[in-house]
Amino acid sequence: MSETTKAIPMASETSMAARFKRYGIWIVATIILLVAPYIFSSGASITTMCLMGIMIVFALSYNMLLGQTGMLSFGHAVYYGLAAFATAHMMNWVIKTGAPIPLPLIPLAGAAAGLFFGIVFGAVSTKRGGTAFAMISLGLGELVYSSSLILRSFFGGEEGISADRTKLLRFFGYNFGSQIQVYYLIAAWCLLCVILMYAITRTPLGRMCNAVRENPERVEFVGYNPQFVRFIAFALGGLFAGVAGSLAAINIELAQASFVGAAQSGAVLLAAYMGGVAFFVGPILGAIIVTLLSIKLSDFSEIWVLYFGILFITIILFAPYGLSGLLMMHAQFWRGPLSSRIARFGKLFGSYLVAAIPALIMILGAILLIEMIHHIVQKSAEGPMMHFLRSSRFTVNTHTALPWVGGIVALIGGFFAFRMTWPVVAKAWNNALADAQRSGA
Amino acid sequence: MAELIIISTLNGVLYGLLLFLMASGLTLIFSMMGVLNFAHASFYMLGAFLGYQISQWAGFVPALILAPLIAGGLGALIERFGLRTVHKHGHVAELLFTFGLAFIIEEIVQMIWGKLAMDYRIPSWLDFPAFTVYATNYPAYKTFMLVFSILIFIGLILLLTRTRAGLIIQASLTHPNMVGMLGHNVPRVFMMVFGLGTALAAIAGVIAGAAFVTQSNMAALLGPILFVVVVVGGLGSLWGAFVASLLIGLLQTFAIASDWSLSKFFGSAFSPTRGTLLFDIWTVTIAQIGPILPYLLLVLVLIFRPTGLFGTRDT
Amino acid sequence: MNSAVELKDLKKNFGKTEIIRGVSLDVKSGERHAVIGPNGAGKSTLFNLISGRFLPSSGAIHLRGENITGLRPFEINRRGLSRSFQVTNIFPRLSVWENVRCAVLWSKGYKYSFWQNIDRLEDVRARTAEILDQINMTARAQTPAGVLTYAEQRALEIGITIAGGADIILLDEPTAGMSRSETEHAVALIRKVSEGRTLIIIEHDMGVVFDLADRISVLVYGQILATDEPVKIKSNQKVQEAYLGAAGHD
């Protein structure tokens, strides 16, 4: 009987514990956002966190399409970028007319622009699902990007449209001249959007989006029009992408044609997919990691985009549910008494460590070879010496055999050693599973 | 005027045929495997760069033979070891895999050949005017491209109608679900079709690369137009891809030759103020909007015929 | 008695092949009507036409007197006609609870709402629980539908079909592939859920058909050979020759 009551979700849980469970996560998130600038207080860190906040909103809005509704878009930057331009124009208009609108309200203009273009383009593109939708989204993306080069008065040509965010009406004395003030503006909007987007997943529309993703045909036979479900999801995705684009324009006080471009559309796809589209939290993780990687990797290599692409393909091949999927696979081990949980994870991570060492050797070998090829082909003028990953200490002579042989040995040897560790990991995994089931029962 | 029309028609048909060299492979792959190969234009680019490199070392004819073979072989390997692994995760994962692939191919091409345009020239033995239309010389190389593309299509038609593998491919065009029931040799046919399709794209790359620009952004520029072709034609329809290729080829070529704009059409009857959106729209010439015409066509077709011109299948 | 579903000289061809060759049928409100016939007779196609999945080539379909020819499936569903599928057609990665709830939502008037918390919609929750109880799957509520056993998925298929409270229900071979005991269970379920509603059922199991149906239509090569009460169908000479004689019945 207890089985039955447990299986059916209760109408409303009103106990304090339940209430904390529902709202606690948001309180924690608020605290993290509030204190983060005190922990990572350097100027570069705050700039990075601003970019992360924008990307989180953008990636989650993307996931309303891909993860929730099953629509793969290659042109989501259209709504982000057009909203950025709308924002820049709006800010300039506010400055010119002196309208009493403070900066924190400006993202509403971005939201409206995103929603508007989401409705207009969504009406055309959501008629089709699947592959056709993906191609149409790509075509619309190109259409808008190409138009941006023609309609110079709206897109501002090469320079784009700039807007000085400090010239607006002061908001309780803040003029948003400093990056930290902008950080709190972005953080507040980010939190608001995350909460709203999470709430939408738990509404009738949100659930029908999942149904459309799973089986659009069956949806028609329970009274819903799958095209209309897609359309609303698309328009709402446009709205939140609009907020993200608006925040981006405020952040750098500029909207450029590249905002609507294919690279921006690709970036949000990468972020959402790497984080994992099957879980709400996935794109948040993805946004944080992709933002960090794209800033940090370029410090180490000129061809970091290539490594990025290889990482993306690796995730598609071996971890199709992304990072959040990998994490969630471990949730099943989190049961029983705390000491046994720690022991269980200790053993499992021990086996990961065993596998990680040869994997790391393999990866380093591959990177060494790629960097040397790059050096020889592109930088023959600089001579044979190469600074490996821009390190001043580790230099390689690309004209001698040793680094080449070393790279090949590390790559191939590392691969075979790595493969030998797979049974170890598999065994540790099965043991942990059996152990967790014992203590769960 | 007649001169312009004849030359533009020739160029338009040529561009259309090149598009169809790629779109046909893309359509074959899509019909059989249900995967739209996002990296298809990347194989066109690979064809152009390999063609350039081989013709540097060994001349144009070896390049024309070897480059498609290498690119096609690479395509087959990618199908065998990449795409087949992702297959079980569904079409979205497959499409994303090819998206990632396009990304990587561009980066590798950039790593090896750099970002600048290659000095890939047409072979000197084809560098003469073939015939003259009024006062314009039509180059022999373009004539060669026309004839060569047509020969490839004849070969393709023979392959599809006269060989066993061709019959299986044909069956997949009309009865996509039945092919899966044909038995154990289907994966190999998949690999062959993927190899064939990518080789066709590479052929287009080898011959077009010499006539136009060979640069690491060529895949990103052409890819979206290619997808417009297959969506406008109707996904999975070979005939539709053919018609749409020619349509877009002619449309873009004629657009480039036209300097019409709204302001020219209406004369001085109305002139919006400089610097406004209306002014931009009023004064833009057809030649300037040439690049967006395929996408406008896409939107129009979708509004009036969502399955594409010849499409029957809902994907 | 009023007519629930009326087909008027319905025809459907795919290319040159005629699958439905002029079917006229009047299903009365409240009756349990079985459609039987050999494989390839066009039974499932007939369901696809009635439910709006396919457009008829000619002819008309009336639902309680209203012409619904050419309407989309969701429009027909909203008018109170719901169908199940021969090949199980569910939402595999959603839980059993979510599967049924999706089918309840429209009938409770929530449409495309993205401003109401679905877990707080008491009427939706109650109706979903009621359906799960009816199809005996309360204990499986949180299981993803894709991992259910075949018989459970068939039961869920029926659950999704009836959840919206449609008063005309079309079931396409609900007991196909089930064991004897599973079939008995399913028949009891169908009897229960079709109480007070109109039921049209395609079924190969003659035991089920003669047990359940008020009237039977025999469809052979896209045409209706006979429509009558079970006893009369059994003794019908034409039916004997064309179908029952050859197939035998148990």
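Chains as they are written, first to last, in the working numbering: chain A, 183 to 623; chain B, 2 to 316; chain C, 328 to 577.
Even for Gly, the Cβ is constructed at its ideal location relative to N, Cα and C.
Endpoints, the beta strand (DSSP E) within which residue i is located
i	result
Ala417(A)	No beta strand (DSSP E) holds Ala417(A); the alpha helix (DSSP H) holding it covers 408 to 434.
Thr277(B)	Note, Thr277(B): premise wrong, no beta strand (DSSP E); not H, not E.
Val514(C)	It is not in any beta strand (DSSP E) - Val514(C) instead sits in the alpha helix (DSSP H) that spans 507 to 520.
Asp346(A)	Per DSSP, Asp346(A) belongs to no beta strand (DSSP E) and is neither H nor E.
Thr577(A)	577 to 579
Thr554(C)	550 to 555
Cβ-based burial, residue i [other Cβ within 10 Å; buried from 16]
i	result
Thr133(B)	exposed
Arg306(B)	exposed
Met234(A)	buried
Ser194(A)	Caution applies to Ser194(A), whose pLDDT of 47 falls short of 50 and renders its modelled position unreliable; the value that the coordinates give is listed next. Burial call: exposed.
Ala511(A)	Here residue 511(A) turns out to be Met, not Ala, going by the sequence shown. So Met511(A) counts as exposed.
Ser125(B)	exposed
Tyr437(C)	buried
Ala445(A)	exposed
Gln470(A)	Correcting the residue identity first, residue 470(A) is Ile in this sequence and not Gln. Burial call: buried.
Gly589(A)	buried
Arg352(A)	exposed
Ser562(A)	exposed
Leu299(B)	buried
Ser573(A)	exposed
Val451(C)	buried
His581(A)	exposed
Phe267(B)	exposed
Ala42(B)	buried
Met505(C)	buried
His185(B)	Confidence in His185(B) is poor, its pLDDT being 47 and thus under 50, which makes the residue's placement unreliable; the coordinate value appears in the next sentence. That one is exposed.
Ile382(A)	buried
Met2(B)	exposed
Residues that DSSP places opposite residue i in a beta bridge
i	result
Arg410(C)	Leu497(C)
His360(C)	Ile527(C), Arg542(C)
Phe132(B)	Tyr139(B)
Ser330(C)	Lys355(C)
Arg348(C)	Lys338(C)
Val606(A)	For Val606(A), which the question treats as bridged, DSSP gives no partner whatsoever.
Nearest-angstrom beta carbon gap, residue j and residue i [assumed within contact, 8 Å]
i	j	result
Val332(C)	Val350(C)	In fact, because the Cβ distance is near 11 Å, the residues do not count as touching under 8 Å.
Met23(B)	Ala211(B)	16 Å between Cβ atoms; not a contact.
Phe494(A)	Gly101(B)	5 Å
Ser25(B)	Gly237(B)	About 12 Å separates the two Cβ atoms, so there is no contact after all.
Leu467(A)	Leu505(A)	5 Å
Ser428(A)	Thr269(A)	4 Å
Ala220(B)	Val233(B)	So it is not a contact: roughly 20 Å between Cβ atoms.
Lys335(C)	Ala387(C)	4 Å
Leu499(A)	Val87(B)	6 Å
Gly342(A)	Ala281(A)	No, Gly342(A) and Ala281(A) are not in contact; Cβ-Cβ is about 23 Å, not under 8 Å.
Val425(A)	Ala259(A)	14 Å between Cβ atoms; not a contact.
Phe240(A)	Ser319(A)	Not really, about 15 Å apart at Cβ, beyond 8 Å.
Met253(A)	Tyr365(A)	The Cβ separation is near 32 Å, so there is no contact.
Host alpha helix (DSSP H) of residue i (start-end)
i	result
Glu449(C)	449 to 461
Ile204(B)	187 to 212
Leu65(B)	61 to 79
Thr473(A)	464 to 482
Trp208(A)	198 to 221
Leu475(C)	Segment: none, Leu475(C) is in no alpha helix (DSSP H) and carries neither H nor E.
Trp126(B)	Looking at the DSSP string, Trp126(B) is not in any alpha helix (DSSP H), and its letter there is neither H nor E.
Residue i: contacting residues in chain D (beta-carbon distance under 8 Å)
i	result
Ile414(A)	The chain labelled as chain D is not found among the protein chains of the depicted structure, namely A, B and C.
For this session: Only counting runs of 3 or more residues, tell me where the beta strand (DSSP E) segments fall wholly within the segment 506 to 574 of chain A, in order along the chain.
Result: 567 to 569
Problem set entry | Ranges of the beta strand (DSSP E) found wholly within the segment 372 to 431 of chain C, counting only runs of at least 3 | 385 to 390, 408 to 410
For this session: Mind listing, in chain order, the continuous alpha helix (DSSP H) runs of no fewer than 4 residues lying wholly within the segment 302 to 379 of chain A?
Result: 312 to 332, 334 to 337
For this session: Jot down the residue ranges of each uninterrupted alpha helix (DSSP H) in the segment 143 to 169 of chain B, minimum 4 residues, whole runs only, in chain order.
Result: none
Exercise. Unbroken beta strand (DSSP E) runs of length 3 or more, entirely within the segment 215 to 264 of chain B: which are they?
Worked result: none
For this session: Quick one: which unbroken alpha helix (DSSP H) runs of 4-plus residues sit fully inside the segment 223 to 253 of chain A? Chain order, please.
Result: 225 to 245
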